[in-house]
Amino acid sequence: MPFRSAPEGGRLRATAAALLALLALTALVGVAPAPEPLLGSEIRRIPTEEHVLALTFNAAWNETGLDTVLGVLRDRAAPAVFFPTGDFADHHPRALRAIAAAGHGLGNHSYSHPDFTALSPDRARSEVRRADTAIRAASDAEPLPFFRFPYSATSPQAVATVNGLGYADLEYTADTKGYLGPVHGMTADRAVERALAALTPGAVLQLHVGASEESGPDTCLDAEALPRIIDGARARGYRIIDLRTLLNR
Numbered sequence: 001m002p003f004r005s006a007p008e009g010g011r012l013r014a015t016a017a018a019l020l021a022l023l024a025l026t027a028l029v030g031v032a033p034a035p036e037p038l039l040g041s042e043i044r045r046i047p048t049e050e051h052v053l054a055l056t057f058n059a060a061w062n063e064t065g066l067d068t069v070l071g072v073l074r075d076r077a078a079p080a081v082f083f084p085t086g087d088f089a090d091h092h093p094r095a096l097r098a099i100a101a102a103g104h105g106l107g108n109h110s111y112s113h114p115d116f117t118a119l120s121p122d123r124a125r126s127e128v129r130r131a132d133t134a135i136r137a138a139s140d141a142e143p144l145p146f147f148r149f150p151y152s153a154t155s156p157q158a159v160a161t162v163n164g165l166g167y168a169d170l171e172y173t174a175d176t177k178g179y180l181g182p183v184h185g186m187t188a189d190r191a192v193e194r195a196l197a198a199l200t201p202g203a204v205l206q207l208h209v210g211a212s213e214e215s216g217p218d219t220c221l222d223a224e225a226l227p228r229i230i231d232g233a234r235a236r237g238y239r240i241i242d243l244r245t246l247l248n249r
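Using full-length UniProt numbering, read the sequence shown as starting at 1 and increasing by one per residue.
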């Protein structure tokens, strides 16, 4: 009997060790790691020839336009993934809870929105981890293993650093530029035009909620443009899909 129980005990110990290792990795990176095929380079479109479009929103300033955006997404049954900064999450927990409660995904957009190409790997990791902690605390939800670099400023080293934390680098195919606001000559009409002109199979569209002091603190052109973007894309034969489908490919 002893010679039978020993291997069984060994298997149990090995299984326990493997589970502990997985838990330790998850605790280290904060998120359940992204699938291997999503790592190694920046992602700017969904790999497909289908006429599909994914909507994404960055959030770094204030909540201007958020309730409008969430209402449009609800009324048109359109999913989205939001990329808040950790600083935004700390100052606007209501916004994070509203996004999560509506069923949309939450990615990571760093804590303080620095240029990652100018950061050391240690500073970059700190930015990602601080943001993860803030997003979790504000939303009470599990963030996605999706990271978007501030300014979309990437480098092989920066991508490798966030990949090492379990995050895929999710950038975008096109930006509406609605965040520039009327101060810089931007209009909702132009935001719609930019979005529809960029339609291509698997496109990932970047929009913003909130408004900076520079662009006008009470203006969110992307919120105004969103209904026409969704309706226009669908009229052109595009389906709005959830960026989270990448996790199942």
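The C-beta atom is built at its ideal place from N, Cα and C for all residues, glycine as well.
Test item: CB-CB of residue i and residue j under 9 Å
{"i": "ILE135", "j": "ALA101", "result": "no"}
{"i": "GLY202", "j": "GLU50", "result": "yes"}
{"i": "GLU63", "j": "GLY166", "result": "no"}
{"i": "ARG129", "j": "GLY30", "result": "yes"}
{"i": "PRO133", "j": "HIS109", "result": "For the sequence presented, residue 133 should be read as Thr rather than Pro. No. Outside cutoff."}
{"i": "THR176", "j": "ARG45", "result": "no"}
{"i": "PRO150", "j": "HIS113", "result": "yes"}
{"i": "ASN163", "j": "LEU243", "result": "no"}
{"i": "LEU205", "j": "LEU55", "result": "yes"}
{"i": "ASP107", "j": "PHE147", "result": "Note that residue 107 is Gly in the sequence shown here, rather than Asp. Taking 9 Å as the Cβ cut-off, GLY107 and PHE147 qualify as a contacting pair."}
{"i": "residue 254", "j": "ALA235", "result": "The chain is shown from 1 up to 249; residue 254 falls before or after that span and cannot be answered."}
{"i": "ALA223", "j": "VAL81", "result": "no"}
{"i": "ALA138", "j": "HIS92", "result": "yes"}
Cut-off 6 Å between Cβ atoms - residues of its own chain near residue i, not counting five sequence neighbours on either side
{"i": "VAL192", "result": "ALA225, ARG228, ILE229"}
{"i": "GLY181", "result": "SER215, GLY216, THR219"}
{"i": "ALA95", "result": "GLU63, LEU66"}
{"i": "GLU127", "result": "SER110, TYR111"}
{"i": "ALA24", "result": "For ALA24, the predicted model reports a pLDDT of 45, less than 50, meaning its position is unreliable and no value from the coordinates is stated."}
{"i": "THR68", "result": "ALA223"}
{"i": "ALA188", "result": "LEU221, GLU224, ALA225"}
Supposed close pair residue i, residue j - CB separation, criterion 8 Å
{"i": "ALA131", "j": "ALA34", "result": "Going by Cβ atoms, the distance from ALA131 to ALA34 rounds to 16 Å, so no, they are not a contact pair."}
{"i": "PHE57", "j": "HIS208", "result": "6 Å"}
{"i": "ILE240", "j": "ALA233", "result": "7 Å"}
{"i": "TYR179", "j": "VAL52", "result": "Not really, about 24 Å apart at Cβ, beyond 8 Å."}
DSSP beta-bridge partners of residue i
{"i": "GLY185", "result": "Paired residue(s): none; GLY185 is not in a bridge."}
{"i": "residue 308", "result": "Only positions 1 to 249 of the chain appear in this structure, which leaves residue 308 out of reach."}
{"i": "HIS208", "result": "ASN58"}
{"i": "PHE147", "result": "ASN108, ASP169"}
{"i": "ILE229", "result": "Beta-bridge pairing links ILE229 to no other residue."}
{"i": "ARG239", "result": "VAL52"}
{"i": "ASP175", "result": "GLN206"}
Three-state secondary structure (DSSP) of residue i
{"i": "ARG4", "result": "Reliability fails at ARG4, whose pLDDT of 38 lies under 50, so the model's placement of it is uncertain and no value is given."}
{"i": "HIS91", "result": "helix"}
{"i": "ARG45", "result": "strand"}
{"i": "LEU170", "result": "strand"}
{"i": "GLY105", "result": "strand"}
{"i": "LEU53", "result": "strand"}
{"i": "THR15", "result": "Since pLDDT at THR15 reaches only 42, below the 50 mark, its modelled position is unreliable, and the value read off the structure follows with that caveat. Three-state result, THR15: helix."}
{"i": "VAL72", "result": "helix"}
{"i": "LEU247", "result": "helix"}
{"i": "ALA34", "result": "coil"}
{"i": "ALA153", "result": "coil"}
{"i": "ALA198", "result": "coil"}
{"i": "GLU214", "result": "coil"}
{"i": "GLU142", "result": "coil"}
{"i": "GLY40", "result": "coil"}
{"i": "PRO79", "result": "coil"}
{"i": "ASP222", "result": "helix"}
Cut-off 7 Å between Cβ atoms - residues of its own chain near residue i, not counting five sequence neighbours on either side
{"i": "ILE43", "result": "ALA168, ASP169, LEU170, GLU171"}
{"i": "SER155", "result": "THR117"}
{"i": "LEU246", "result": "LEU38, ILE46"}
{"i": "TRP61", "result": "GLY210, ALA211, SER212"}
{"i": "residue 255", "result": "With the chain running from 1 to 249 in the structure shown, residue 255 is simply not present."}
{"i": "ARG125", "result": "THR161, LEU165"}
Proximal residues to residue i (C-beta, below 8 Å), its chain only, five neighbours per side dropped
{"i": "ASP140", "result": "ARG97, ALA100"}
{"i": "LEU196", "result": "ILE229, GLY232, ALA233, ARG236"}
{"i": "residue 261", "result": "As displayed, the chain neither begins before 1 nor continues past 249, which places residue 261 out of reach and without an answer."}
{"i": "THR48", "result": "PRO201, GLY202"}
{"i": "ALA198", "result": "THR173, ALA174, LEU205"}
{"i": "PRO121", "result": "GLN157, THR161"}
{"i": "LEU119", "result": "GLU127, ALA158"}
{"i": "ARG74", "result": "ALA102"}
Minimum Cβ-Cβ distance from residue i to chain B less than 9 Å
{"i": "THR133", "result": "The structure shown contains no chain B; it is built from a single protein chain."}
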